[in-house]
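Below is one structure, written out as structure tokens; the observations come after it.
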Amino acid sequence: MRTRRSEQLRTIRSLLCTLALATMAVAQAAAQPSTPNRIVSLVPSVTEMLFAIGAGPRVVGVSSYDRQPPQVAGMTRVGGLLNPDVERIFRLRPDFVAVYATQDDLRAQLARAQIREFAYSNTDLAGVTSTIRELGRRLGLDTQANRTADEMERRLASTRSRVVGRARVRVLLVFGREPRALRNIDAGGGRGFHADMLEAAGAANVLADVHRATVPLNTEAILKLAPDVIIDLHYGDQLASMDMKAERSVWNQLPAIPAVKTGRVYLLLGDEFVVPGPRIADAIEKIARALHPDAFK
Numbered sequence: 006m007r008t009r010r011s012e013q014l015r016t017i018r019s020l021l022c023t024l025a026l027a028t029m030a031v032a033q034a035a036a037q038p039s040t041p042n043r044i045v046s047l048v049p050s051v052t053e054m055l056f057a058i059g060a061g062p063r064v065v066g067v068s069s070y071d072r073q074p075p076q077v078a079g080m081t082r083v084g085g086l087l088n089p090d091v092e093r094i095f096r097l098r099p100d101f102v103a104v105y106a107t108q109d110d111l112r113a114q115l116a117r118a119q120i121r122e123f124a125y126s127n128t129d130l131a132g133v134t135s136t137i138r139e140l141g142r143r144l145g146l147d148t149q150a151n152r153t154a155d156e157m158e159r160r161l162a163s164t165r166s167r168v169v170g171r172a173r174v175r176v177l178l179v180f181g182r183e184p185r186a187l188r189n190i191d192a193g194g195g196r197g198f199h200a201d202m203l204e205a206a207g208a209a210n211v212l213a214d215v216h217r218a219t220v221p222l223n224t225e226a227i228l229k230l231a232p233d234v235i236i237d238l239h240y241g242d243q244l245a246s247m248d249m250k251a252e253r254s255v256w257n258q259l260p261a262i263p264a265v266k267t268g269r270v271y272l273l274l275g276d277e278f279v280v281p282g283p284r285i286a287d288a289i290e291k292i293a294r295a296l297h298p299d300a301f302k
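And the structure:
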């Protein structure tokens with residue numbers, strides 16, 4: 006009986022806390038300025054965009070997975086896609102929150118509290134610059150946002166112009182696998198920004214006919230695909246303990262693959278390859294340099 010009563014009391018306290026936070030947020034929303042001044046971002050790519058267009062000083066909270074730009078290092082962390090810390094978000098008194106479009110519960114709570122949201126969806130390459138422009142419009146930073154997007158598009162056009170007319174090598178892009186093993190392999194399919202990155206870098210994606218962004222593979226499937234080049238991406242926490250030689254050598258288990266035979270297995274390092282934000286132009290140029298080194302001499 007006491008256990009049940011204790012559980013009921015805890016539930017009541019939790020509900021009262023949530024209600025108090027929501028009430029505070031509603032009061033704040035009523036007095037919101039027309040331009041957001043306290044921004045929380047649960048999306049690393051949006052965080053990078055915010056800083057790139059000059060909204061960094063307004064950011065008061067970021068996701069648990071943000072690493073760039075360096076200014077986010079000491080900021081309050083508010084969870085991520087699967088584990089948003091709603092109470093912490095409300096305590097930051099935001100007037101603008103960038104969330105994933107699939108975070109329905111969080112979006113409903115923000116709506117009830119009358120806090121403006123920016124619903125983000127992973128899209129194609131064109132969606133990166135359009136998202137930057139939309140953020141600028143919503144935050145009163147149109148000039149800075151358009152300048153940032155224009156520069157990205159200029160750099161992408163420059164990379165494309167360097168590789169145009171060159172033979173497109175057959176590439177397998179791997180962005181996930183177990184450390185030092187060829188298990189639980191995830192590769193880029195024919196949809197999404199990774200597919201667009203390969204196209205812009207002058208590659209022929211060996212999984213272009215698979216209409217998904219992510220394709221799980223095993224070694225037998227890779228042998229059948231027989232890519233001429235393998236691009237093996239590494240990023241995030243794995244970089245600190247990474248042994249480049251050991252990671253590259255795991256591909257020697259598949260000596261029959263043309264990419265392994267010719268030594269065209271490239272390990273590329275950095276979050277810019279998996280965070281579709283302002284640095285994606287850098288990522289595409291690095292891929293293009295690996296595939297077509299002569300085009301950059």
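Okay, so the sequence shown: first residue is 6 according to our numbering, each after it adds one. By construction, the Cβ of each residue, glycine as well, lies at the ideal position given by its N, Cα and C atoms.
(request) Taking 8 Å as the cut-off, decide whether the C-beta atoms of V220 and A192 are in contact. (result) Here residue 220 refers to the residue found at position 215 of the sequence shown. Here residue 192 refers to the residue found at position 187 of the sequence shown. It is a contact, given that the beta carbons lie within the stated cut-off.
(request) Go through the segment 173-241 residue by residue and report every complete run of the alpha helix (DSSP H) that reaches 4 residues or more, in order. (result) Within the segment 173-241, complete alpha helix (DSSP H) segments of at least 4 residues are found at 198-205, 224-230, given in chain order.
(request) Would you mind reading off the limits of the alpha helix (DSSP H) that contains A103? (result) Residue 103 sits at position 98 when you count from the first residue of the sequence shown. DSSP places A103 outside any alpha helix (DSSP H); the residue lies instead in the beta strand (DSSP E), whose first and last residues are 101-105.
(request) Report the rounded CA-to-CA distance for F56 versus L140, giving the unit in angstroms. (result) As a working mapping, residue 56 is identified with position 51 in the sequence shown. As a working mapping, residue 140 is identified with position 135 in the sequence shown. If you take the alpha carbons of F56 and L140, they lie about 11 Å apart.
(request) Closer than 6 Å by C-beta to R284: which residues in its own chain qualify, once you throw out the five before and the five after it? Chain order, please. (result) On the sequence shown, position 279 is the one that residue 284 refers to. Annotation for R284: E277 place their beta carbon closer than 6 Å to its own, counting only its chain and skipping 5 residues before and after.
(request) Could you tell me whether the segment 39-52 touches the segment 83-103, using the rule of 3 or more Cβ pairs below 8 Å? (result) Three or more Cβ pairs drawn from the segment 39-52 and the segment 83-103 lie within less than 8 Å of each other, which places the two stretches in contact.
(message) Comparing C-alpha positions only, which one of S126, H199, V65, N88 sits nearest to M80?
(response) Here residue 80 refers to the residue found at position 75 of the sequence shown. Of the candidates S126, H199, V65, N88, the one whose C-alpha sits nearest the C-alpha of M80 is V65.
(message) Considering only heavy atoms of the ligand GTP, does any lie closer than 7 Å to the CB of V102?
(response) The ligand GTP is not part of the structure shown, which contains no ligands of any sort.
(message) So the candidates are D201, Q258, R72, Y240; which of them puts its Cα closest to the Cα of E290?
(response) In the sequence shown, the residue the question calls residue 290 occupies position 285. Taking the Cα of E290 as reference, the smallest distance to any Cα among D201, Q258, R72, Y240 is reached at D201.
(message) Just verifying my parser: in three-state terms, what is the DSSP assignment at R72?
(response) Locating residue 72 in the sequence shown gives position 67, where the first residue counts as 1. Of the three classes helix, strand and coil, the one that applies to R72 here is coil, per DSSP.
(request) For N223, count neighbouring Cβ atoms within 10 angstroms of its own Cβ and tell me buried if that reaches 16, exposed if not. (result) On the sequence shown, position 218 is the one that residue 223 refers to. Label assigned to N223: exposed.
(message) Out of I236, G207, E225, A78, which one is the CA nearest neighbour of D332?
(response) This structure does not reach residue 332, given that the chain is present from 6 up to 302, and the question cannot be answered.
(request) State the Cα-Cα distance for the pair T153 and D287, rounded to the nearest angstrom. (result) Along the sequence shown, one-based indexing puts residue 153 at 148. Along the sequence shown, one-based indexing puts residue 287 at 282. Straight-line measurement puts the Cα of D287 at about 14 Å from the Cα of T153.
(request) Output the distance between the C-alpha atoms of S166 and N88, rounded to the nearest integer angstrom. (result) Counted from its first residue, the sequence shown places residue 166 at position 161. Counted from its first residue, the sequence shown places residue 88 at position 83. S166 and N88 have their C-alpha atoms some 42 Å from each other.
(request) Specify, as a first and last residue, the run of the beta strand (DSSP E) that F123 falls within. (result) Working through the sequence shown from its first residue, we reach residue 123 at position 118. Segment 121-125, the beta strand (DSSP E) holding F123.
(message) Assuming the contact rule is C-beta atoms closer than 8 Å, F198 and L130 should be a hit. Round their C-beta distance to whole Å, please.
(response) Walking along the sequence shown from the start, residue 198 turns up at place 193. Walking along the sequence shown from the start, residue 130 turns up at place 125. About 5 Å separates the beta carbon of F198 from that of L130, a gap short enough to meet the 8 Å contact definition.
(message) Quick check on DSSP: helix, strand or coil for G268?
(response) As a position in the sequence shown, residue 268 is number 263, starting the count at 1. Note: G268 maps to coil in three-state DSSP.
(request) Could you tell me the boundaries of the beta strand (DSSP E) in which I44 lies? (result) Start at 1 with the first residue of the sequence shown, and residue 44 comes out as number 39. 44-46 is the span of the beta strand (DSSP E), which, as asked, contains I44.
(request) For the segment 113-164, list the alpha helix (DSSP H) runs that are entirely contained and at least 4 residues long, ordered along the chain. (result) Counting only runs of 4 or more, we get 130-144.
(message) Which residue marks the beginning of the beta strand (DSSP E) containing V64, and which one marks its end?
(response) For the purposes of this step, residue 64 is taken as residue 59 along the sequence shown, with counting starting at 1. Per DSSP, the unbroken beta strand (DSSP E) holding V64 starts and ends at 64-67.
(request) Could you have a look at R93 and say whether DSSP puts it in helix, strand or coil? (result) Position 88 of the sequence shown, counted from the start, is the residue given in the question as residue 93. In the structure shown, the three-state DSSP call for R93 is helix.
(request) Please list, in chain order, all residues of the same chain as I94 whose beta carbon is under 6 Å from its beta carbon, the five residues on each side excluded. (result) Mapped onto the sequence shown, residue 94 falls at position 89. Closer than 6 Å at the Cβ level, and outside the excluded window around I94, lie V45, V83.
(message) For a quick check, are the C-beta atoms of V91 and Y125 less than 8 Å apart?
(response) The residue given as residue 91 occupies position 86 in the sequence shown. The residue given as residue 125 occupies position 120 in the sequence shown. Taking 8 Å as the Cβ cut-off, V91 and Y125 do not qualify as a contacting pair.
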